[in-house]
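Visitor: Residue 23 is where the sequence shown starts when you use our numbering, and the numbers rise one by one after that. All residues carry an ideal CB built from backbone N, CA and C; glycine is no exception. In this text, all values refer to a predicted model and were calculated from it rather than measured experimentally.
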Amino acid sequence: MQRRNKIKTRIRGKVSGTAARPRMTVFRSNKQIYVQLIDDEAGKTLCASSSKGLEAAPKIEMAAKVGKAIAEKALAAGITEVVFDRNGYLFHGRVKSLADAAREGGLKF
23 MQRRNKIKTR
33 IRGKVSGTAA
43 RPRMTVFRSN
53 KQIYVQLIDD
63 EAGKTLCASS
73 SKGLEAAPKI
83 EMAAKVGKAI
93 AEKALAAGIT
103 EVVFDRNGYL
113 FHGRVKSLAD
123 AAREGGLKF
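Here you go:
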């Protein structure tokens, strides 16, 4: 936990979101995965998606569904480019699956 927080702090020092290019941050728990698009200048969440309420499936497939869902919501809100914030997690497994699905859905980062 302390290691992830150190990495998270280092990442957040470099990554910031604006209204034109919000920060896409990922949080994963043992069972669920969550993603938000955040405008750091205004301090607002522009849109969010999570695996809660989706049908049971393997975790990597759930992450891909969440990635596609956030891409659809972002495009509907007029957002095409984001800054990816992996939130201290390694870029593999569920986090990578979510990011790849969001890219396939039309988001650029």
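Going by DSSP, what residue range makes up the beta strand (DSSP E) through Leu120?
Guide: Counted from its first residue, the sequence shown places residue 120 at position 98. No beta strand (DSSP E) holds Leu120; the alpha helix (DSSP H) holding it covers Arg116 to Glu126.
Visitor: Give the single residue among Asp107, Arg125, Asn109 and Lys118 whose Cα lies nearest to the Cα of Ala96.
Guide: Start at 1 with the first residue of the sequence shown, and residue 96 comes out as number 74. When only C-alpha atoms are compared, the closest one is Arg125.
Visitor: Going by the DSSP bridge assignment, what does Phe131 pair with across the sheet?
Guide: Residue numbering aside, residue 131 sits at position 109 when the sequence shown is read from its first letter. Answer is none; Phe131 lacks a bridge partner.
Visitor: Could you name each continuous alpha helix (DSSP H) segment of 4 residues or more that falls completely within the segment 31-109, going from the start of the chain to the end?
Guide: The qualifying runs are 81-98.
Visitor: Starting from the Cα of Val104, find the closest Cα among Ile82, Ala85 and Cys69 and give me that residue.
Guide: The residue given as residue 104 occupies position 82 in the sequence shown. It is Cys69 whose Cα lies nearest to the Cα of Val104.
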